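Colleague: Below is the structure I would like to discuss, written out as structure tokens.
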Amino acid sequence: MLKLSRLTDYAAVVMAQIARHPEQSHAAAELAEAVQLPHPTVSKTLKMLVRAGLLESRRGAQGGYSLARPASKITARDIITAIEGPVAMTECSQADGDCELASVCGVADNWQRVSLAIRTLLDSVTLAHLADTTPIKLPVQLPIQSVSLAAETA
Numbered sequence: 000m001l002k003l004s005r006l007t008d009y010a011a012v013v014m015a016q017i018a019r020h021p022e023q024s025h026a027a028a029e030l031a032e033a034v035q036l037p038h039p040t041v042s043k044t045l046k047m048l049v050r051a052g053l054l055e056s057r058r059g060a061q062g063g064y065s066l067a068r069p070a071s072k073i074t075a076r077d078i079i080t081a082i083e084g085p086v087a088m089t090e091c092s093q094a095d096g097d098c099e100l101a102s103v104c105g106v107a108d109n110w111q112r113v114s115l116a117i118r119t120l121l122d123s124v125t126l127a128h129l130a131d132t133t134p135i136k137l138p139v140q141l142p143i144q145s146v147s148l149a150a151e152t153a
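Residue numbers are given in numbering that gives the first Met the number 0: position 1 of the sequence shown equals residue 0, and the series is strictly consecutive.
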């Protein structure tokens, strides 16, 4: 089963909470209480998101966490990558992937297309979308038919 880790899910929940109130800084304890997650889990998640450049942290009386850029400029892929690493279906689907079977497997190009389609879809969903309570309208047809691999365009 393809499934995001709980930590990635929690990261999206915490980021959405911050995005709903972008004008203020948020303390880790306040966020943990608001989203009903353990404080250590929220703190760990916040540190990972800061390291990835999605959040900024400030110390002091006016300190806390805030978005590093507008919610409309942070994608679902950004959040997933911050916690999980690159989004790819298989090892050979990553830019720096290494697979000894790539030259003979016969499915690498199609897995790359699937991975690219998923990344494209995740790039189209922003934190602003996730933070909104209105359901996201996704395309009915995935863009896999229009996906071109770098090797094809060269």
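No residue lacks a Cβ here, since even glycine has one placed at the ideal position from N, Cα and C. Bear in mind the structure is a predicted one, so any value in this text is a computation, not a measurement.
Return the chain-ordered list of same chain residues with a C-beta closer than 8 angstroms to the C-beta of residue 19, the five sequence neighbours on each side being excluded.
Modeller: Contacts found: 130.
Colleague: Go ahead and pull the three-state DSSP assignment for residue 128.
Modeller: It is helical.
Colleague: If residue 10 and residue 117 are in contact, beta carbons under 8 angstroms, what's the gap, nearest whole angstrom?
Modeller: Not a contact, Cβ separation roughly 18 angstroms.
Colleague: So, at 8 angstroms on beta carbons, what are the nonlocal neighbours of residue 7 in its own chain, with the 5 sequence-adjacent residues on each side left out?
Modeller: Taken in chain order, the residues that qualify are 78, 79, 82, 83.
Colleague: Run the CB neighbour count on residue 114, radius 10 Å, all protein chains shown included, and call it buried at 16 or more, exposed below.
Modeller: Looking at its Cβ environment, which holds 16 or more other Cβ atoms inside 10 Å, residue 114 is buried.
Colleague: Three-state secondary structure (DSSP) at residue 56?
Modeller: Of the three classes helix, strand and coil, the one that applies to residue 56 here is strand, per DSSP.
Colleague: What did DSSP end up calling residue 65 once you bin it into helix, strand or coil?
Modeller: The answer is strand: DSSP assigns residue 65 an E or B state.
Colleague: Check whether the Cβ atoms of residue 67 and residue 45 sit closer than 8 angstroms, and answer yes or no.
Modeller: Cβ atoms of residue 67 and residue 45: not closer than 8 angstroms.
Colleague: At the level of alpha carbons, what is the spacing between residue 2 and residue 88?
Modeller: If you take the alpha carbons of residue 2 and residue 88, they lie about 11 angstroms apart.
Colleague: Does DSSP put residue 38 in a helix, in a strand, or in coil?
Modeller: Reduced to three states, the DSSP call for residue 38 is helix.
Colleague: Could you tell me whether the Cβ atoms of residue 13 and residue 30 are closer together than 8 angstroms?
Modeller: Cβ distance < 8 angstroms, so residue 13 and residue 30 count as in contact.
Colleague: In chain order, what residues of the same chain have a beta carbon less than 7 angstroms from the beta carbon of residue 37, not counting five sequence neighbours either side?
Modeller: Within the same chain, residue 37 has close Cβ partners 31.
Colleague: Relative to the C-alpha of residue 120, which residue among 65, 137, 126 is closest?
Modeller: That would be 137, whose Cα lies nearest to the Cα of residue 120.
Colleague: Between the C-alpha atoms of residue 70 and residue 133, what's the straight-line distance to the nearest angstrom?
Modeller: Computed Cα separation, rounded: 15 angstroms.
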